[in-house]
Amino acid sequence: MESLERTFTLSEMSKTPDFIPTIAHRIWQAWWRDKGVLQDEIEVKVRAALCPEAVPTAFVAHRNGTYLGSALLIESDFAARPHLTPWVAAVWTEEVHRREGIGTALVARMAQLAFESGHSRVYLCASDDNTPFYEKMGWRVLEYHVKQLNVLALDKPGSS
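Start counting the sequence shown at 37; every next residue gets the next number (the numbering used here).
Right, dumping it as structure tokens:
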């Protein structure tokens, strides 16, 4: 079996703070711009993930100083399901670097952090188009089409 060499590095956002404006811009552009939220508001929320606790936190995928992608682990990402926690959120991979394993590595790292911090289940929400990406990693759909999104969960290995 051929092994794929990872050609990028995953770092805690706190160790790569120069990427924060880029991360905030990608999150704002993808999910908040059309809702009237200011990019500065998103950057404030992203900076909250610099704390040493597991939730919230963020990781950045980069190569030679170039931003490739990022993901957050936050307490709640879906107002329709406030009792569910924690959430993998704002998963982003630069379009030219998709299909390189970056998104998969980021999601896996966020889930691992959730499990290491004592959670037995982690959640995320995804569009119909993105749901198969997560299902291939073992996530399962809990609910379809809640506010146009699917709610998915991943259980800690050995906890179900």
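Positions of the beta carbon are idealized from the N, C-alpha and C atoms, including for glycine. These figures come from a predicted structure and were not determined experimentally.
{"Item": "Among E77, D113 and A85, the one whose alpha carbon lies nearest that of K183", "Value": "D113"}
{"Item": "Neighbour-count burial assignment, Y180, 16 or more Cβ in a 10 Å radius", "Value": "exposed"}
{"Item": "Whole-Å CB distance - A189 paired with L178, under 8 Å assumed", "Value": "5 Å"}
{"Item": "In chain order, each beta strand (DSSP E) run of at least 3 residues that lies wholly inside the segment 105 to 180", "Value": "123 to 129 and 157 to 162"}
{"Item": "Buried versus exposed, by CB contacts within 10 Å (16 or more), N100", "Value": "exposed"}
{"Item": "Simplified DSSP assignment, three categories, for V80", "Value": "helix"}
{"Item": "Cβ-based burial, E152 [other Cβ within 10 Å; buried from 16]", "Value": "exposed"}
{"Item": "Pairwise C-alpha distance: F95 and I56", "Value": "10 Å"}
{"Item": "Residues bridged to S47 [DSSP beta-bridge criterion]", "Value": "V96"}
{"Item": "Which listed residue (A144, G174 and L120) has its alpha carbon closest to that of Y159", "Value": "L120"}
{"Item": "Per DSSP, the bridge partner or partners of V182", "Value": "L185"}
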